[in-house]
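Undergrad: Chains as they are written, first to last, in my numbering: chain Z, 61 to 238; chain E, -12 to 98. Backbone N, C-alpha and C define an ideal beta-carbon position, used for all residues, glycine too.
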Amino acid sequence: MTRHPKTAQRVLAVDPTTRGFAFAIFEGPRSLVGWGLKHVSGDREKQGILMLARLLAQYEPDLLVMEDCKARGNRRRERARRFIDIAADFAVKQKIPVRRIARKRVLQAFGEEATKQKIAETLAAHFPELQTHLPKVRKAWMSEDERINIFDAAGLAIAYFRQGRRVSQDQFFARLSP
Amino acid sequence: MSTRRLQNYLRTHRKRAGLSQKETAFLLGVKSGTKISRYENLARIPDLATVFALEAIYRVPARELFAGMFDDVQRAVRARARLLAKRMSKNSSDSTNKLDSVKAVASGKES
């Protein structure tokens, strides 16, 4: 039977895309309650923050998780970095704590050999509701499918939940399975 | 840690089922998906028949579909049960059996 935990930490993870942002909301590491893409037009920063405000009001998260663009080796472009900073400031003003996770930590959570595609496949295996969003393996000449950002956002949240847990990667993911 | 569950998880379960608002509206026998959107955004509370229909569609009990709402109602009922138990214990004419069942409601014990 589906049960929504009474005391789980609700975490919203956001990852900027070229047309807006992707998001994933977890109640503890085992329960994915929301996911998707938000598209914005016009003033993308302003519209993006408005969309984020709606999500914060709707899901009332305990924590906002985003990528740490200041981490060494980060390759996010200027617009994404700016959006992450503005979104973090906005969340803090709404009294929602923000945690920034370096890409390296996400890769560590899924295994050093992990790629975006492998992370997406792992997540889709544990959360079947994401399977319809799983893009096909990208060829060298193809541009990246926007839906991969949903998995990037979910990966950030999972990396956050995995932090500080002294369990192996296999044990952690085994516990995610229903 | 969050102490409050979301008022409802209708959107979560609809998306898990892979249904659109329009398709859910069809299953519920209503004309448009707007009504589903209103239920999901707490702009409208569904009637009892609709709640049962949603339970049948998503195959999730109503108390989990409307988890936050259920918690609020349960909290209020427990508070009233504590009050009633207090009143009943003062009134000696009430049977112990009755008092026990009210106390069970107050403490949230499953029968």
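Do P76 of chain Z and A140 of chain Z have their beta-carbon atoms positioned less than 9 Å apart in this structure?
TA: Yes, these two residues count as a Cβ contact at 9 Å.
Undergrad: Does E51 of chain E come within less than 9 Å of chain Z when only Cβ atoms are used?
TA: yes
Undergrad: Is it the case that the Cβ atoms of K98 of chain Z and A82 of chain Z are separated by a distance below 9 Å?
TA: yes
Undergrad: Taking the straight line between their C-alpha atoms, what separation do you get for Q243 of chain Z and T(-1) of chain E?
TA: As shown, chain Z starts at 61 and ends at 238. That puts residue 243 of chain Z outside it, with no answer to give.
Undergrad: Is there at least one Cβ from chain Z nearer than 9 Å to D58 of chain E's Cβ?
TA: yes
Undergrad: Per DSSP, what kind of secondary structure is I32 of chain E in: helix, strand or coil?
TA: coil
Undergrad: Keeping to the same chain, check which residues put their C-beta closer than 8 Å to that of L183 of chain Z; ignore five residues upstream and five downstream.
TA: L190, F211, A214, G215, I218
Undergrad: Once the 5 residues before and after T37 of chain E are set aside, which same chain residues still bring their CB inside 8 Å of it?
TA: L15, Y26
Undergrad: Kindly list the residues whose CB is nearer than 8 Å to the CB of G55 of chain E, restricted to its own chain and excluding five residues on each side of it in sequence; keep chain order.
TA: R(-9), R(-8), L(-7), Q(-6), N(-5)
Undergrad: From Z:T67, Z:L72, Z:G80, Z:R70, pick the residue whose C-alpha is nearest to that of E206 of chain Z; which is it?
TA: When each option's Cα is compared against that of E206 of chain Z, the closest is Z:G80.
Undergrad: Considering only C-alpha positions, which residue in the set Z:N134, Z:S228, Z:Q223, Z:I179 is nearest to N209 of chain Z?
TA: Z:I179
Undergrad: If we define contact as Cβ-Cβ less than 9 Å, is E172 of chain Z a contact residue for chain E?
TA: no
Undergrad: Is S94 of chain E helix, strand or coil by DSSP?
TA: Under the three-state reduction of DSSP, S94 of chain E is assigned to helix.
Undergrad: Give the interface partners of K2 of chain E over in chain Z, defined as CB-CB distance under 9 Å, in chain order.
TA: G94, W95, G96, E189
Undergrad: Return the Cβ separation of D122 of chain Z and V71 of chain Z in integer angstroms, given the expectation that the two are a contact with Cβ distance under 8 Å.
TA: Confirmed, Cβ separation roughly 7 Å.
Undergrad: Please state whether DSSP places R1 of chain E in a helix, a strand or coil.
TA: helix
Undergrad: Using 8 Å as the threshold, is the region 155 to 166 of chain Z in touch with the region 128 to 138 of chain Z, meaning 3 or more CB pairs across them?
TA: yes
Undergrad: Can you grab the Cα-Cα spacing for the pair Q107 of chain Z / D59 of chain E, in whole Å?
TA: 34 Å
Undergrad: Let me see if you follow: with CB-CB separation under 9 Å, is Y26 of chain E close to chain Z or not?
TA: no
Undergrad: Taking the DSSP output, what are the residues bridged to I161 of chain Z?
TA: Z:E127
Undergrad: In chain order, what residues of the same chain have a beta carbon less than 6 Å from the beta carbon of I85 of chain Z, not counting five sequence neighbours either side?
TA: L72, V93, G94, Y119
Undergrad: Give me whichever residues DSSP pairs with S91 of chain Z in a beta bridge.
TA: Z:E87
Undergrad: Mind checking T83 of chain E: buried by the 16 CB within 10 Å criterion, or exposed?
TA: exposed
Undergrad: Going by beta carbon distance, what residues of the same chain come within less than 7 Å of R136 of chain Z, once the five residues before and after it are set aside?
TA: E127, C129
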